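Using this note's numbering, read the sequence shown as starting at 2 and increasing by one per residue. Cβ atoms here follow ideal geometry from the backbone N, Cα and C, with glycine treated the same way. Note that this is a predicted model, so its numbers are computed, not measured. One structure is given below, encoded as structure tokens.
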Amino acid sequence: MGHILYMIPVSPPARLSRPFGTATRPYERLSIAIAVGAMGTLGFSVTAPILPDLADAFGVSRGSIGLVQGSISFAGVMFSAIIGYLADRVGRRRVVLSALALFSVFGVAGFFARSFWALVAVRFLQGVGTSGILGVGIVLIADSFEGDARTRAMGINMTGLQMTSLLGPVVAGLLAIGGIFRPFLIFLIGIPLAVWASRMPADRPEIAAERPLRHLRAALTTMRRERTLADYAGVLAATFVATYLLHGLGLTVVPLLLDDEFGIEVAGRGVLIASFQLGIVLAAIRIGVLIDWIGKANLVTASFALMAVGSAITALAASAGSVVAGLAVCGFGFGAFVPQAQAFAATVGGQAYRGLTVLFWVTIIRLSQVSGPPAGSMIYDTLGPSVPFWSAAAITGVLALAWIPVRRAVSNPAGAAG
């Protein structure tokens, strides 16, 4: 990966509020951002293969166990925008280190939880840290790269995150053979990561941000003036739908499907679920090539079309292999869309409002992750295993057809995301 990183142009150091100090080399700055963000992805992927076993251990229904996934995101709904404001006001480094501490401490606390609601509670507290490390990692990349180089860097970041997320279910499934709570010990990785991230010096902005509401109003005024507000709203809406469907299905319903319909044991479920992350990696690592090939707007349309096809394949699956194929296709579509959404969210407000615009985008992700897993598991429980996937296929299919026409109708082409 090192050779790829050196090929990406880097914006001049003067564009940063302060230099990164000891972490001055481009590959180290990007590597720290990837490592920090990757911790956020582990919050979901580590617990995915053990959901059925946790339901059995706590004596709760398959519909209720989705709260274990949803609770980690609920804190993000409440605090992500505030964390973004703090990143603009007090600097990225302070926020990252504080978020890593919260994530690791309360992640490991899951190992000691012996009641359902205790686990839900510590996952909620872990979610505060998750939002910080996932969102501010994106901000760090946006501070360092510009233009198409920023989108390519987001693709590399997405690749690193999803490689971690791909390995997470596999490692968690293997650890769970010796005890279903052992996967929570994976979050101890946050301790050495915090030591590495501390190489970033304090980067408090030279001009202090306004109070929260003034900061928000100023960001909205900037986007209205630059005629990018409609595009930003569209990216937020599309991000919500994609994450709602694919996290609610790919990381919550699929483990239940593999267990109930195909009798796949916990270690095997982790390997099969990883096909979703593999699809994301294949798309994200080639995001620059894909954009050059068909253009940004057309790639978004193709992304949702692939999500629709993958969901339909999973709904029709007669074997675990078909489920894997459907997840991989969904993942490819997801991986082609998200780096573009990240790059746009990091661009619209400029550096002064970047923490807020990126972390508000993260808020939307967290909102979809809160509502998606419980809804997916309850639909699965009440309406049957294929209904969630057919629903996802229908909704993403409509998005694929509507994206370009709606975008042309409501946005200014000069300030469009694609």
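- Cα atoms of Arg93 and Met164: separation of roughly 24 Å, rounded to the nearest angstrom.
- Exclusion of the five residues before and after Gly136 leaves Ser81, Ile84, Gly85, Val359, Leu360 and Val363 as the residues of its chain whose Cβ lies within less than 7 Å of its Cβ.
- Residue range Val267 to Ala285 is occupied by the alpha helix (DSSP H) that includes Gly269.
- CA-CA distance, Ser62 to Ala401, rounds to 35 Å.
- By the neighbour-count criterion, in which a residue is buried when 16 or more other Cβ atoms sit within 10 angstroms of its Cβ, Phe277 is buried.
- Apart from the 5 residues on each side of it in sequence, Ala346 sits with its Cβ closer than 6 Å to the Cβ of Thr358, Val359 and Trp362 in its chain, given in chain order.
- Contact holds between the region 122 to 140 and the region 71 to 80, because three or more Cβ pairs, one in each stretch, are under 8 Å apart.
- Judged by DSSP secondary structure, Ile365 falls within the alpha helix (DSSP H) whose first and last residues are Gly351 to Leu384.
- Distance from the CA atom of Thr302 to the CA atom of Met155, rounded to whole angstroms, is 19 Å.
- For the pair Ala34 and Asn158, the Cα-to-Cα distance works out to about 8 Å.
- Contact check between the region 260 to 274 and the region 37 to 54: three or more CB pairs, one atom from each, fall below 8 Å, which counts as touching.
- Note on geometry: alpha-carbon atoms of Ala114 and Leu101 lie some 20 Å from one another.
- Leaving aside the five residues that flank Leu258 on each side, the residues in its chain whose CB is nearer than 6 Å to its CB run, in chain order, Pro386.
- In the three-state scheme derived from DSSP, where H, G and I count as helix and E and B as strand, Ser65 is classed as coil.
- Secondary structure at Phe185: helix, using DSSP grouped into helix, strand and coil.
- Proximity of the region 328 to 336 to the region 278 to 286 meets the contact definition, three or more beta-carbon pairs being nearer than 8 Å.
- When DSSP states are grouped into helix, strand and coil, Ile288 belongs to the helix group.
- Annotation note: the region 67 to 113 contains the following uninterrupted alpha helix (DSSP H) runs of length 4 or greater, listed N- to C-terminal: 67 to 91 and 93 to 109.
- By the neighbour-count criterion, in which 16 or more other beta carbons inside 10 Å mark a residue as buried, Trp118 falls on the exposed side.
- The beta carbons of Phe185 and Phe125 sit no closer together than 8 Å.
- For Glu262, the enclosing alpha helix (DSSP H) stretches over residues Val255 to Phe263.
- Across the structure, Val242 and Gly77 are spaced so that their CA atoms are roughly 17 Å apart.
- Note on geometry: alpha-carbon atoms of Leu168 and Ala275 lie some 7 Å from one another.
- Within its own chain, the residues whose Cβ lies closer than 7 Å to the Cβ of Ala309, once the five positions on either side in sequence are excluded, are Ala394, Thr397, Gly398 and Ala401, listed in chain order.
- Per DSSP, Arg212 lies in no alpha helix (DSSP H) segment and is marked neither H nor E.
- If you keep only unbroken alpha helix (DSSP H) runs of at least 4 residues inside the region 386 to 415, you get 388 to 411.
- For Leu135, the secondary structure class from DSSP, reduced to helix, strand or coil, is helix.
- Distances from the alpha-carbon of Leu221 to those of Ile295, Ala353 and Met40 put Ala353 closest.
- For Ser320, no alpha helix (DSSP H) encloses it, and the DSSP letter there is neither H nor E.
- Your pair Phe390 and Thr315 checks out as a contact, with CB atoms roughly 5 Å apart and the cut at 8 Å.
- Measuring C-alpha to C-alpha distances from Thr152 to each of Ile190, Leu87 and Leu291 identifies Leu291 as the nearest.
- CA-to-CA, the gap between Leu162 and Glu29 works out to about 16 Å.
- Counting along the chain, Gly156 sits inside the alpha helix (DSSP H) bounded by residues Gly148 to Ala177.
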